[in-house]
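Here the structure is laid out as structure tokens; the discussion comes afterwards.
Numbering (the numbering used here), first residue to last: 817 to 1282.
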């Protein structure tokens, strides 16, 4: 059993109705409480691990209900879980695709890309072990970012899809968008949205590509780990029948009306034997009939040409376009007749399955995956712009540092030049003190003579001042 199937088992047994989400159950059952890869859908569980998980989960959910006088708390909790959850609901497989092996094989062909989308929109948990998680609110934001919400797929319809297996999400009055989603819930929610988003008009559009209803096991890593998704009901598929072979898809098929809840899980819907083989036989017989008719027409034309004379041959050449047109119209009528016979031979169950295959093919390959790829391109462009801005900021910082270093070097050089000039001036001044400047000045410029009368007046003025 894989973890994806174990999740479906827990939801079928309604263990998540005890106010415990599947993400919390994974944390409870994780052997390593510090590991961050505890929600991988491809993890395999052995029988002993499966039983150990049920016992641990039963004790965690029902230990508070055990009375004080009861003997064996673990046995009492296990007995209660088996009687109230496992036995009544374990064989009634619910969901949007795992209840039918054909739908499971076709849906799991898109699992790898959806797992990539899931990991891209997850964000780290705020609490230990800080593993990537996705909440229902972020799921709605993702659909809004991918432009998938329209007049048909409204937020209310999305809440109805999310609450099909989890009543805590939406009760037509209040909603709780803080619930964490495992990959199973994410994948089934996308399939539920595809059933609403893609209508009969879109499927019948001639420009819409026709998907193949045969999905190879090599298309998904999940199908490579398991031989095929089988139901837990008492139904048994024929060993000689290929679970991936289904009927031929018809462009003019009519599908069921839009619904939110998963389809009925009757035994007639789970097994549809022989539909693919009968359809292939019809295709082979129809193509063989067209070949025989074409050969017969060619032989008739050859006989007419041999029996006719030259005039008739000339008339035959003129009438060839008309004959070719009649042959084409006859081939088209035969093809329409074969198509009608094929639709009559297909039962309602096969027609519904083919319409469902068209729905998920159009939704995933023409809507979800291109939108995800476009979002990746936008994010890569945003990251590229951010890196360019960071590089430009680093370059500008380097240029500022270089300019600051240049300015500092120029200042230091100027200061050194000034210090050198001052030192030179000081040296010159020190060397100039030994030269008698007064004697030189007296020799170059003689002192003026003073008269005796002026000297007396000067002395008298100095005395008066005193």
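A virtual CB, placed ideally from N, CA and C, is assigned to each residue, including glycine.
Asked                                                                                                                                             : Found
How is the alpha helix (DSSP H) around residue 921 delimited, first residue to last?                                                              : 917 to 923
Are the Cβ atoms of residue 886 and residue 874 separated by less than 8 Å?                                                                       : no
Report the rounded CA-to-CA distance for residue 933 versus residue 964, giving the unit in angstroms.                                            : 15 Å
Check whether the Cβ atoms of residue 915 and residue 1007 sit closer than 8 Å, and answer yes or no.                                             : no
Look up residue 949 in the DSSP assignment and give the residues it is bridged to.                                                                : 939
Could you have a look at residue 991 and say whether DSSP puts it in helix, strand or coil?                                                       : strand
Can you tell me whether DSSP reads residue 1166 as helix, strand or coil?                                                                         : helix
So residue 1188 and residue 943 are supposed to be a Cβ contact under 8 Å. How far apart are they, rounded?                                       : At roughly 28 Å, the Cβ-Cβ gap does not stay under 8 Å, so residue 1188 and residue 943 are not in contact.
Between residue 838 and residue 820, is the Cβ-Cβ spacing less than 8 Å?                                                                          : no
Which two residues bound the contiguous alpha helix (DSSP H) that contains residue 966?                                                           : Per DSSP, residue 966 belongs to no alpha helix (DSSP H) and is neither H nor E.
With DSSP as the reference, please indicate the residues paired to residue 1289 in a beta bridge.                                                 : The structure shown does not extend to residue 1289, since the chain is modelled only from 817 to 1282, so the question has no answer here.
Looking at the structure shown, is residue 1234 part of a helix, part of a strand, or coil, going by DSSP?                                        : helix
Give the range of the alpha helix (DSSP H) segment to which residue 902 is assigned.                                                              : It is not in any alpha helix (DSSP H) - residue 902 carries neither H nor E in the DSSP assignment.
Cβ atoms of residue 921 and residue 828: under 8 Å apart, would you say?                                                                          : no
As a quick exercise: from 982, 1196, 853, 1200, pick the residue whose alpha carbon is nearest that of residue 935.                               : 853
Would you please state the rounded distance, in angstroms, between the beta carbons of residue 836 and residue 877? I believe it to be under 8 Å. : 7 Å
So, with DSSP's three-state summary, where would you put residue 986?                                                                             : strand
Using the C-alpha atoms, what's the distance from residue 998 back to residue 1057?                                                               : With a pLDDT of only 43 at residue 1057, under 50, the local geometry of the prediction cannot be trusted, and the value read off the model is given with reservation. If you take the alpha carbons of residue 1057 and residue 998, they lie about 33 Å apart.
Buried or exposed, going by whether 16 or more other CB atoms sit within 10 Å of the CB of residue 1215?                                          : exposed
If we count the other Cβ atoms within 10 Å of its Cβ and call it buried at 16 or more, is residue 857 buried or exposed?                          : buried
So for residue 1127, helix, strand or coil by DSSP?                                                                                               : Confidence is the limiting factor: at residue 1127 the pLDDT is only 44, short of 50, which leaves the residue's position unreliable, though a coordinate-based value still follows. Residue state, collapsed to three classes: helix.
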